[in-house]
Amino acid sequence: MHELLLFASVSSHQHHELLQQLTGLTAMQPRHSLERRLIFKATRKPGLANTRGGASQGADIVRLNKMLNGQMFYTQVVGPVSEADFDGKSSSSESQDASMSGTDEVAGSSYDYDSQPWKLEFRDIPEAGIRSTITARLAASAALPKGDVVPSMNAWGYSFVTEYVVEGDVFIHNDIVIFLHRVLQYSVHPGQEPHEPRRQLPSFRELSPLERTGSYILQAAITVQDGGNQELMRTASQHLFGLREQLKSAVRLEHADRLSLDTRAK
Amino acid sequence: MSESFSVSLRPKIEKRDRPDSLPRDIAQINAQWGSFRELNEATLRQKIEADKHKDPWEEEDEGDKESADLETSERLDQLYKRRAEIIQFALQAHMEASFALDFVSLLMSKHQPRQAETSMSPFLKSAAPLGSLNAEVVNPPPRPDSTLKDIKSVSRGWRLQNFNSAASKLLNAGSRLETEVNSETKYWNEVLAVKEKGWKVCRLPREGQALGVQYGFLEATPLFRDRGLAALRRTDDGSLFLDKGLIPLKAQGVRVRMKHGDRIVGCSKVCRPPQDAESIESRILQARDTVFEEELFYEIMREARILGSQGVTTRQNLVQIPLSEEQEVLLDLVDRDQDRDPEAAVSSERDVFADSIAHSIRILLTYAHRQNLRRRTQPPPPLAPKRRPIPEYQILRPIMAYLQHKSHIQWLESLMNDLRGVLKSAGIACDFRSTQFDSIGTLQPNSLVSKVEALARVFLAPIQSTFSATLVTPGSSFRVRIRTNPAVPPFGTFYDISVNLPQYPDVQPPSHVGLQEEVSAILTHVVMLDIAASVPLQGHGASEQQSKDRLSWEVAYAHHGELLALGQNGQSKKMKISLSRDELTIHTIALGRNGGMGPVDATSSTMSQTWKAGLAESKPTLSEFVAQASQP
Chain S
1 MHELLLFASV SSHQHHELLQ QLTGLTAMQP RHSLERRLIF KATRKPGLAN
51 TRGGASQGAD IVRLNKMLNG QMFYTQVVGP VSEADFDGKS SSSESQDASM
101 SGTDEVAGSS YDYDSQPWKL EFRDIPEAGI RSTITARLAA SAALPKGDVV
151 PSMNAWGYSF VTEYVVEGDV FIHNDIVIFL HRVLQYSVHP GQEPHEPRRQ
201 LPSFRELSPL ERTGSYILQA AITVQDGGNQ ELMRTASQHL FGLREQLKSA
251 VRLEHADRLS LDTRAK
Chain V
1 MSESFSVSLR PKIEKRDRPD SLPRDIAQIN AQWGSFRELN EATLRQKIEA
51 DKHKDPWEEE DEGDKESADL ETSERLDQLY KRRAEIIQFA LQAHMEASFA
101 LDFVSLLMSK HQPRQAETSM SPFLKSAAPL GSLNAEVVNP PPRPDSTLKD
151 IKSVSRGWRL QNFNSAASKL LNAGSRLETE VNSETKYWNE VLAVKEKGWK
201 VCRLPREGQA LGVQYGFLEA TPLFRDRGLA ALRRTDDGSL FLDKGLIPLK
251 AQGVRVRMKH GDRIVGCSKV CRPPQDAESI ESRILQARDT VFEEELFYEI
301 MREARILGSQ GVTTRQNLVQ IPLSEEQEVL LDLVDRDQDR DPEAAVSSER
351 DVFADSIAHS IRILLTYAHR QNLRRRTQPP PPLAPKRRPI PEYQILRPIM
401 AYLQHKSHIQ WLESLMNDLR GVLKSAGIAC DFRSTQFDSI GTLQPNSLVS
451 KVEALARVFL APIQSTFSAT LVTPGSSFRV RIRTNPAVPP FGTFYDISVN
501 LPQYPDVQPP SHVGLQEEVS AILTHVVMLD IAASVPLQGH GASEQQSKDR
551 LSWEVAYAHH GELLALGQNG QSKKMKISLS RDELTIHTIA LGRNGGMGPV
601 DATSSTMSQT WKAGLAESKP TLSEFVAQAS QP
């Protein structure tokens with residue numbers, strides 16, 4: 001599956017107006033979306049990489065080697081949450097404590113970590129060069145079991161790095177998914193970052209936007225089943241360019257810097 | 001000067017330079033040749049020949065010969081002198097011309113400075129400021145009074161006339177502006193009124209200057225969605241009119257008719273009679289209704305084509321749905337004003353039925369619109385070479401399923417009632433219960449789906465009704481579940497029969513029955529089995545002494561309804577029970593002592609009794625009859 005993308009930066013005072021414009025354009029009400037995103041990093045297990053040996057390097061061995069010694073990537077695990085999950089009742093210190101220790105159960109919280117659905121999202125680094133006016137990258141996603149994902153992710157060779165929250169509104173315009181969102185961070189004292197996903201969510205007000213000015217990102221994405229099909233890729237980019245034209249007077253959609261979307265783990 | 005001053009915008013027709021060349025040619029010939037008679041072809045040819053041979057420099061040579069006499073130095077002197085003379089004359093002429101030009105330019109610069117400036121010499125420009133020279137008529141010769149008077153009156157008249165025409169032009173412009181303003185005001189008021197009614201007024205996408213009103217349905221098929229926009233145009237007097245483009249002006253609607261045999265027995269009514277056909281509001285409403293109705297019929301047609309296997313037929317403008325052998329529902333798109341079929345017989349009940357179908361199809365189309373909105377606002381699947389086809393809306397299928405289900409329920413209910421009547425007349429108490437459309441009753445509140453949608457969704461799910469009965473023998477019962485599936489194969493109605501007969505634990509009918517005859521046969525058989533099983537139990541309530549005297553019945557061939565009774569003295573009797581929808585019959589035959597088949601005394605020992613439903617005759621009940629038959 002391939003993903004074609006265009007981005008635009010939206011300042012916070014333009015946000016409301018743009019929401020209304022998008023509502024009119026897509027003829028639908030915005031669908032508010034809140035997502036927890038956990039970042040995992042692939043780690044190479046020692047001892048697996050050295051399968052080189054002998055003259056009998058068949059095609060399978062080559063492929064296996066390629067898989068084992070290939071690039072390592074960061075992946076995201078995405079779980080939808082609702083605003084009610086961010087418990088406003090528990091005091092900040094309590095929730096912080098809970099998030100720090102990661103295991104305490106605070107009474108009165110409605111968030112149930114064990115029934116949180118998750119989805120694994122893999123995004124490759126955007127393709128270089130060919131389509132310089134649009135960001136295209138390989139994308140794949142898969143559903144994960146509910147609840148604690150860390151053990152299974154660890155078993156697959158991924159280790160937890162950090163997590164953040166994405167808040168935004170989704171619009172659908174024909175085949176294009178328009179996501180007007182911003183990244184929110186948990187308030188964490190330096191040096192006390194938790195080493196596993198929070199079991200307890202803090203109050204929503206305690207989250208602070210990553211971008212201090214509170215500006216939003218407009219992302220227009222279209223997914224293509226088969227990235228090798230040039231015809232389809234062209235159609236998809238034309239759809240995106242059509243949207244860019246339509247939104248020209250409001251925002252300027254453009255492709256992102258390739259290296260800023262680099263998901264390779266160094 | 002009586003007319004107002006006007007400038008012709010047509011190009012001036014140019015006169016020809018040479019109106020007619022022939023007179024000029026003749027004059028030329030006369031001058032050149034003396035007389036016309038001298039001129040003929042021969043002389044002309046001679047002349048041409050002569051010109052050819054003549055040396056073009058002959059004359060010059062002659063001049064050279066003359067001047068050759070003069071001395072060379074003299075000639076040079078003379079040449080220079082002449083040349084200087086010529087140059088001097090030319091310079092003088094040029095100077096005078098420039099002076100004249102400068103003078104005139106300076107004079108002109110008083111009145112037309114820009115134009116005069118271009119022809120001034122740079123020196124003059126720097127020396128004298130523009131417009132510094134003026135010319136006036138000094139001491140004009142006195143004119144006669146009459147001329148002065150004439151001029152005066154002419155100029156006054158001229159001026160008056162100009163004033164008049166200017167005034168009338170201004171007045172015209174004023175009145176024109178006034179009407180324009182009035183009509184614009186009227187137009188905008190009407191547009192505002194339309195907007196205040198809640199219609200969406202917008203700019204036309206392809207025609208930026210025009211306003212349009214959107215009355216169509218956003219979720220309709222693109223073909224009809226795009227038609228839901230009409231321009232709001234202004235007529236000359238400012239009133240609004242709805243420009244729908246190429247759409248037929250007539251209001252149309254889907255009509256539902258019921259056909260019984262060859263006669264039309266019911267017809268649906270038009271939804272809303274247009275009370276004020278002229279107002280813009282009603283015209284918009286009418287346009288909206290027409291778009292909706294046309295879409296409805298389009299979708300019905302589309303669906304009807306895939307329902308050919310279920311007997312639905314389509315004509316050019318007609319969809320026929322068979323309900324039963326004789327009944328049919330006809331759907332067609334007709335003009336609003338002729339929606340009543342003149343042939344239709346007046347039957348209010350059928351009209352109501354047709355009306356309810358008409359309402360249902362509209363509700364189902366609106367539901368389909370909502371589903372489209374739902375689908376449209378979901379994240380789309382990845383782009384693939386094959387586009388998803390738009391599935392046919394479920395409009396006819398739920399209605400057909402409902403009607404089909406209903407007719408099956410009615411049939412089963414009448415079967416049950418008949419059986420109950422037969423059994424009742426035989427004094428057998430059975431309990432029949434029915435829960436019709438029990439799938440519809442279970443409307444669960446769902447936060448994801450709005451109530452209206454949930455309500456309509458129920459009718460798209462498989463419809464189910466349950467009939468159950470407890471029979472005579474304790475613990476025995478049966479249950480019939482009727483299911484009709486409108487959308488997913490297998491289509492049609494199926495009966496799920498489950499039987500609980502403690503006496504015959506191995507009796508189980510096939511679970512999936514489609515034919516009514518089979519269902520009827522199964523149910524009567526089950527009831528018959530139950531009656532047969534109940535006969536041996538009849539005597540249980542009696543005292544020991546009594547039961548000793550009586551024959552005790554044994555079920556011999558249950559599926560044939562046959563029982564046997566062996567008396568203590570070796571006497572035996574046979575009982576045969578037969579049950580149909582209409583009657584219950586029991587025969588008893590006394591058999592020989594040895595159990596042989598031949599009846600000993602047919603006349604005295606054969607008993608027979610038939611019970612029919614609804615007959616009010618006083619007959620012995622089944623238990624009485626059994627008791628009687630049990631007498632040895």
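Protein chains in written order, with the UniProt record's numbering: chain S, 1 to 266; chain V, 1 to 632.
Don't be surprised by glycine CBs; every beta carbon is placed ideally from N, CA and C.
Please report the residue range of the alpha helix (DSSP H) in which V/SER407 lies. 396-425
Run the CB neighbour count on S/GLU17, radius 10 Å, all protein chains shown included, and call it buried at 16 or more, exposed below. exposed
With a threshold of 9 Å between beta carbons, is V/PRO510 in contact with chain B? Among the chains of the structure shown, chain B does not appear; the protein chains present are S and V.
Within 10 angstroms of its Cβ, does V/SER268 collect 16 or more other Cβ (buried), or is it exposed? buried
What are the uninterrupted segments assigned as beta strand (DSSP E) that are 3 or more residues long and contained completely in the stretch 11-40 of chain S, given in chain order? none
Quick one: what's V/LEU584 bridged to in DSSP? V/LEU579, V/TRP611
What does DSSP give as the partner residues of S/PHE179 in its beta bridges? S/VAL170, S/GLN219
On the criterion of 16 or more Cβ atoms from any shown chain inside 10 Å, does S/GLU105 qualify as buried, or is it exposed? Here S/GLU105 scores only 42 on pLDDT, less than 50, and its place in the model should not be relied on; the value that follows carries that caveat. S/GLU105 should be labelled exposed.
Which full runs of the alpha helix (DSSP H) of 4+ residues lie inside the stretch 476-555 of chain V, going along the chain? 516-534, 544-549
Rounded to whole angstroms, what's the CA-CA distance from V/GLU74 to V/ALA90? Just pull it up for me. 24 Å
Assign S/PRO151 to one of three DSSP states: helix, strand, or coil. helix
Selected residue, minimal CA-CA separation from V/SER119, among V/SER98, V/GLN209, V/ASP226, V/ALA532: V/SER98
Would you kindly work out how many angstroms separate the C-alpha atoms of V/TRP158 and V/ALA167, rounded to a whole number? 14 Å
Starting from the beta carbon of S/ASP175, find every residue of chain V whose beta carbon is closer than 7 Å, and list them in chain order. PRO380, LEU383
Using beta-carbon positions only, say whether V/ALA533 and V/ALA556 come within less than 9 Å of one another. no
Give me the subset of the stretch 204-236 of chain S whose CB atoms are less than 8 Å from a CB atom of chain V, sorted by chain position. ILE222, THR223, VAL224, GLN225, ASP226, ASN229, GLU231, LEU232, THR235, ALA236
What's the C-alpha gap between V/GLU349 and V/GLY266? 8 Å
What does the alpha-carbon distance come out to for the pair V/GLU355 and V/VAL452? The residue you asked about is not Glu; residue 355 of chain V is Asp in the sequence shown. If you take the alpha carbons of V/ASP355 and V/VAL452, they lie about 20 Å apart.
At the 9 Å Cβ level, is V/LEU415 part of the contact set with chain S, yes or no? no
Between the C-alpha atoms of V/ARG479 and V/THR435, what's the straight-line distance to the nearest angstrom? 11 Å
Taking Cβ positions only, does S/VAL170 come closer than 9 Å to chain V? yes
Can you pull out the residues from the stretch 18-29 of chain S whose beta carbon lies closer than 9 Å to at least one beta carbon of chain V? THR26, ALA27, MET28, GLN29
At 7 Å on the CB atoms, spell out the chain S contacts of V/LEU218, in chain order. ALA27
Quick check: what's the CA-CA separation for S/PRO80 versus V/ILE361? 38 Å
Based on the DSSP secondary-structure assignment, which residues constitute the bridge partners of V/ASP243? V/ALA231
What's the call for V/GLY595, buried or exposed, on a 16-neighbour Cβ count within 10 Å? Low confidence applies here, because V/GLY595 scores a pLDDT of 46, under 50, leaving its location unreliable; read the following figure in that light. Exposed.
Whether V/ARG581 touches V/SER520 by CB criterion (9 Å): yes
Should the stretch 286-293 of chain V be called in touch with the stretch 315-327 of chain V, which here means at least 3 C-beta pairs below 8 Å? no
List the residues that DSSP assigns as beta-bridge partners of V/MET301. Paired residue(s): none; V/MET301 is not in a bridge.
Using only the alpha-carbon positions, how far apart do S/SER92 and S/ASP85 sit? Confidence is the limiting factor: at S/SER92 the pLDDT is only 40, short of 50, which leaves the residue's position unreliable, though a coordinate-based value still follows. When rounded, the distance between both Cα atoms is 15 Å.
Whole-angstrom distance between S/TYR158 and V/LEU296, CA atom to CA atom: 55 Å
Tell me the DSSP bridge mates of V/GLY253? V/VAL334
Do V/ASN500 and V/SER476 have their beta-carbon atoms positioned less than 9 Å apart in this structure? yes
Enumerate, from N- to C-terminal direction, the unbroken beta strand (DSSP E) stretches of 3 or more residues contained entirely within the stretch 169-222 of chain V. 200-203, 211-214
With 16 as the cutoff for other CB atoms within 10 Å, does V/GLY228 come out buried or exposed? buried
Whose C-alpha, out of S/GLU245, S/LEU19, S/HIS255, S/ILE217, is nearest the C-alpha of S/VAL166? S/ILE217
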